[in-house]
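>
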Amino acid sequence: MQTLDIISVNIWQIIISLCNLVILFFIVKKFLYKPVKNLIAEREAATQKIYDEANEARLAAQKDQAEWSAKLSGAQQEADAIIKNAMAKADRRGDTIIKNAQERADGIIRQAKVDAELEQKKAEDGIKREIIDLSAVLTKKMLKREINEEDHKELIDDFLLDIGEML
Amino acid sequence: MQFKKPDAKFKAVDILLLFLTALPFLAAIALKVLFMPAGDGMEITGAFIFFTIKLPVMDLPISEAQVNSWAVVVSVLFLCLYLTHGIRARVTTKRQILAEWAVEKLDNLVKENMGDFFMGFAPFVCAILMLSALSSLSSLLGLFAPTSDLNIAAGWALLVFFLITYYKLKGGPLYYIKGFFEPLPVMLPMNILGEVATPVAMTLRHYGNILSGSVISILLAGALQALTKMVLGKLPGFFGEFPFFQIGIPAVLSVYFDLFSGCLQAFIFVMLTMLFVSTSFPADEYWKRMNKKAKKQKLS
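Chains V and H are the protein sequences, given in the same order. Numbering follows this note's numbering, in which position 139 of the first sequence is assigned residue number 139; successive positions increment by one, without gaps. Numbers in this note's numbering are just positions in the second sequence, counted from 1, shifted up by 1000.
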């Protein structure tokens, strides 16, 4: 059996072995590294694209949100203004109504006073007349004689006036 | 993109590639069976020589180690083709995950040990790792491990030496020569010796470790045979002759010497390669030179 010595140095074998390694380097580079690296790059590009899109979408959403919140706050202000206006209006109207009511109440009170005075006067007049009538009757009875009512009316009136003045 | 079921053609190519990955080893075994005279496997010798080519300086014997290392190269070629066959960005198959995992791990390893400047070394590191590991592991198939031939490991170490020198020269030839006179001019012989010692040490470390493993395995097998004869030799017929103790025990050692040691030595070789190449590169000097060159180009 023809074999090499256990320690044998052969230049050609060394060179062949060196070349083998170089060849294998190119094989690994071309057939393993290049496809895998391409793949990873491709995937990274795809991922980057997705990220970019997501970012874009988020920015758009943020813009929308800002817009809507601005709009919303505008609406709030508007509502506030409307309420304020309405309240002012209501206040004004309330004031007018109260004022009117006051005026009318004053009128009523005044009227009532006038009426009362008139009534009083009427009552006073009534009482006066009754007193006159009564005095006439009394006088007639006291004098026991016929008294011409017409004749003495003036006299009694004077008398009553005197009493009134005395009163 | 939806998952596309692989069609028959794709599957056929897959199987063909897998078969072609295994074929070189099968062919090597066939060669061994056909051409090598049967022995009891107890001799401690070098690789079997198939034939010799006459060449100047030295004859080239085409040995089993050479053939097996070619088998490994071809096998790796088809393994790479298989791993990258039909890989796509979106569909993740198991082999794609494996391929990406390997590439990423090696990239990280190179990045950690050598830095970003040497990222181009990743395929080279992968190549050494695969070649060395598969060469050592081929002994599991009963083949002669190419790594237990001095010349094979020497070839790789020589290439590493060239790379080291190439990167040392990147700092300029003057800087390279100056490196030999440091720290003292008296150290010149020592420095030259140290320069030469690197590939020699790498060769002998790798080759010696793998060879010693197989030598120990053979010695142990012989010892176990002798032990069997001594203990059971008195038994009549078949029981007295069959080496019972050779069952099991060598397998345990094989796990260490063939499997573990083979992978470990490959890893050590790769680590040393990365270490030597990256430390041989004078980064500061190189960038200084590049800047100077760029300035000169701008001026002219």
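Virtual Cβ for every residue (Gly too), placed ideally from N, Cα, C. None of these values were measured; they are calculated from a predicted model.
Under the assumption that V/L39 contacts H/I1087 (Cβ atoms under 8 Å), give the Cβ distance between them as a whole number of angstroms.
6 Å
> How many whole angstroms separate the CB atoms of H/F1078 and H/L1017, which I take to be in contact at a CB cut-off of 8 Å?
5 Å
> Counting Cβ pairs, one atom from each stretch, are 3 or more of them under 8 Å apart for the region 1153-1169 of chain H and the region 10-23 of chain V?
yes
> Please state the DSSP three-state secondary structure of H/S1300.
coil
> Would you list the one or two residues that DSSP bridges to H/P1061?
H/T1052
> Would you mind reading off the limits of the alpha helix (DSSP H) that contains H/K1009?
Start and end: 1008-1035.
> Between V/D80 and chain H, is there a C-beta pair that is closer than 7 Å?
Chain H, which has no Cβ nearer than 7 Å to the Cβ of V/D80, makes this no.
> Output the distance between the C-alpha atoms of V/D162 and V/G126, rounded to the nearest integer angstrom.
18 Å
> What are the start and end residues of each continuous alpha helix (DSSP H) run of 4 or more residues lying completely inside the region 1234-1279 of chain H, in chain order?
DSSP runs (the alpha helix (DSSP H)) wholly in the region 1234-1279 of chain H: 1238-1241, 1249-1254.
> Under 8 Å, with one C-beta from each stretch per pair, do the region 1185-1195 of chain H and the region 49-59 of chain V reach the 3-pair mark?
Counting Cβ pairs under 8 Å, fewer than three are found: no touch.
> Which term fits H/C1126, buried or exposed, when burial requires 16 or more other beta carbons within 10 angstroms of its beta carbon?
By the 16-neighbour rule on beta-carbons within 10 angstroms, H/C1126 is buried.
> Compare the C-alpha of H/D1149 against each of H/S1135, H/G1142, H/L1140 and name the closest.
H/S1135
> V/I109 and V/S135: beta carbons closer than 7 Å?
no
> Could you check which residue in H/E1043, H/D1059, H/M1036 has the C-alpha nearest to that of H/F1050?
H/M1036
> Run through the DSSP bridge pairs and tell me what V/T3 is partnered with.
DSSP links V/T3 through a beta bridge to H/F1048.
> Give the residues from the region 52-76 of chain V that approach chain H closer than 7 Å (Cβ to any Cβ), ordered along the chain.
none
> Considering only the beta carbon of each residue, do H/P1243 and H/T1228 sit closer than 7 Å?
Against a cut-off of 7 Å, the Cβ pair of H/T1228 and H/P1243 comes out as a contact.
> Can you give me, in chain order, the residues of the region 1153-1168 of chain H that have a beta carbon less than 7 Å from any beta carbon in chain V?
A1154, G1155, W1156, L1158, L1159
> So, does the region 1173-1184 of chain H touch the region 1099-1107 of chain H, judging by three or more C-beta pairs under 8 Å?
no
> Should V/N20 be labelled buried (16 or more other beta-carbon atoms within 10 Å of its own) or exposed?
buried
> Assuming contact is defined by CB atoms lying nearer than 7 Å, are V/T47 and H/F1048 in contact in what I supplied?
no
> Does the separation of the CB atoms of H/A1266 and H/S1132 fall below 7 Å?
yes
> Closer than 7 Å, CB to CB, is V/Q48 near chain H or not?
no
> Which chain H residues sit within Cβ distance under 7 Å of V/I83?
By Cβ distance, chain H contributes nothing, its closest Cβ being about 58 Å from V/I83, past 7 Å.
> Look at the alpha carbon of H/L1174 and the alpha carbon of H/E1195, and state the distance between them as a whole number of angstroms.
For H/L1174 and H/E1195, the distance between alpha carbons rounds to 17 Å.
> What's the gap between the Cα of H/S1212 and the Cα of H/F1117?
37 Å
> How far does the alpha helix (DSSP H) with V/Y51 in it reach, from first residue to last?
Per DSSP, V/Y51 belongs to the alpha helix (DSSP H) from 34-143.
> With a threshold of 6 Å on Cβ separation, who are the neighbours of H/M1001 within its own chain once the five nearest residues in sequence on each side are excluded?
A caution first: H/M1001 carries a pLDDT of 42, below 50, which makes its placement in the model unreliable, though a value can still be read off. Here the set comprises R1090.
> How long is the line joining the alpha carbons of H/K1295 and V/I6, rounded to whole angstroms?
56 Å
> To the nearest angstrom, how far is it from the Cα of H/Q1297 to the Cα of H/R1289?
12 Å
> In three-state terms, what does DSSP make of V/S8?
coil
> Apart from the five residues on each side of it in sequence, which residues of its chain come closer than 6 Å, Cβ to Cβ, to H/T1093?
none
> In chain order, what residues of the same chain have a beta carbon less than 8 Å from the beta carbon of H/P1199, not counting five sequence neighbours either side?
The answer, listed in chain order, is A1154, A1157, L1158, V1160, F1161.
> Rounded to the nearest angstrom, what separates H/I1164 and H/G1171 at their Cα positions?
Going by C-alpha positions, H/I1164 is about 12 Å away from H/G1171.
> Beta-carbon within less than 6 Å of H/C1080's beta-carbon, same chain only, minus the 5 sequence neighbours each way: which residues are those?
none
> In this structure, how does DSSP classify H/R1088 when only helix, strand and coil are distinguished?
coil
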